[in-house]
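Accompanying notes for the structure given below.
In the working numbering, the protein residues as written are 272 to 366.
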């Protein structure tokens, strides 16, 4: 995971990460990021599979052609999360 940045220029706090698309379990990277943002342990969070099943695993293990420009957006533990097929992710805290 790279590209750790935060954008506070708007009313929303946006945290950006880039995940390694070669990893086996991208949902774990998402949960680790949310846990880090919340100052919690991943074991304190609801399991990711209750929210997105295995869709993240499929996005990275069988990526579509680059031209498809696939994005997955979902809500998890108080964040609206958007992940692109190239591993770029945005975490927006929601109220």
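In this text, a Cβ means the ideal position worked out from N, Cα and C, and glycines have one as well. The structure presented is a predicted model; accordingly, all values stated were derived computationally and were not measured.
- A direct Cα-Cα distance of roughly 19 Å separates residue 359 from residue 324.
- Rounded to the nearest angstrom, the gap between the Cα atoms of residue 286 and residue 351 is 11 Å.
- Shortest Cα-Cα distance from residue 347 to any of 339, 356, 309 and 355 involves 309.
- Counting along the chain, residue 336 sits inside no beta strand (DSSP E), nor does DSSP assign it H or E at all.
- Residue 298 sits close to residue 328, with the two beta carbons spaced by under 8 Å.
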